[in-house]
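Contents: one structure, followed by commentary.
Residue numbers (the working numbering): 17 to 310.
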């Protein structure tokens, strides 16, 4: 967890690990592994830093670090999901969190907002309330303009550059999940599979992509399920247009495989999982480009 003060905390909101040469039409993204917690956010929060981290996809960027070696860029967010969730629409906001009215274009009725997990989350994954007091809309707008929009502008640029070069693009959105469904989840109290593949029930990518990922993971001994409880977030829904040669697959791995979920420390299983996911990266970056094109 990084809480170091900066003159401008939005100086570096993301990081791109580029290959020496992009050899494949694939872009990997890790939107929730950021661990830079601004001091003003910690002061606003009613929660201790360790509890805030319960919403963080800790180390996911490390787990998928081999992407550039396989010819694909890896986009990593620096800011945590508890601060702003870039896997949402820009303005999925809960009116109860703010000290004044929201603009008419805010989406205040989405299931994510109702669960307390909008663009600016009300709760962490355990259901604990994040803030001591209500926020101003100006604060939300500052985060959206300073973090959300630069992230999606960069992801869009990587996708469009890939499409110009190869005529198609596969976006792999990388996440981790708590080992047991939390109070805001549909599977509350349920022990989860090792991996969940989300393709929006077959609409965000060509079927052979999900099938290849599933077969690779099963052959490695993973217990895999599709679309339950995670079918895909905003990135999967928004960017996945298979008919245009733009495919998106969301991958969720179970945190118990690689970390202590209370202390956020790596466990011995981390190395094995990283090696297995490197095999998955090899599978996804070896898919025939001609099959990805429209």
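Just so it is clear, CB atoms sit at the ideal spot from N, CA and C, and this is done for glycine as well.
| Asked | Found |
| --- | --- |
| Opening and closing residue of the alpha helix (DSSP H) in which residue 306 lies | 305 to 308 |
| Nearest-angstrom beta carbon gap, residue 185 and residue 43 [assumed within contact, 8 Å] | 6 Å |
| Alpha helix (DSSP H) runs contained entirely in the stretch 75 to 104, provided each spans 4 or more residues | 76 to 79 |
| Cβ neighbours of residue 272 in the same chain (closer than 6 Å, five flanking residues each side left out) | 195 |
| Rounded Cβ spacing between residue 47 and residue 103 (contact assumed at less than 8 Å) | 5 Å |
| Buried versus exposed, by CB contacts within 10 Å (16 or more), residue 121 | exposed |
| Alpha carbon of residue 125 to alpha carbon of residue 37, nearest angstrom | 43 Å |
| Residue from 88, 294, 118 and 145 whose Cα sits closest to the Cα of residue 98 | 145 |
| N-terminal and C-terminal residue of the beta strand (DSSP E) that residue 299 is part of | That residue, residue 299, is in no beta strand (DSSP E); its alpha helix (DSSP H) goes 285 to 300. |
| Distance CB(residue 33)-CB(residue 109) smaller than 9 Å | no |
| CB-CB length for residue 267 against residue 303, believed under 8 Å | Incorrect: roughly 15 Å between the Cβ atoms, too far for contact. |
| Spatially closest choice to residue 305 from 58, 73, 181 and 61, by CA coordinates | 181 |
| Closest Cα partner of residue 70 within the set 49, 228 and 56 | 49 |
| For residue 133, the three-state DSSP class (helix, strand or coil) | coil |
| Buried or exposed (CB count within 10 angstroms, at least 16 for buried), residue 72 | buried |
| Length of the line joining the Cα atoms of residue 262 and residue 178 | 10 Å |
| Proximity winner among 87, 201, 203 and 309, relative to residue 297 (alpha-carbon distances) | 87 |
| Environment of residue 54 [buried if 16+ CB atoms lie within 10 Å] | buried |
| Check whether residue 79 and residue 289 have beta carbons under 9 Å apart | yes |
| At least three beta-carbon pairs within less than 8 Å, the stretch 217 to 228 to the stretch 244 to 264 | yes |
| Top-ranked residue by Cα proximity to residue 240, from 250, 207 and 253 | 207 |
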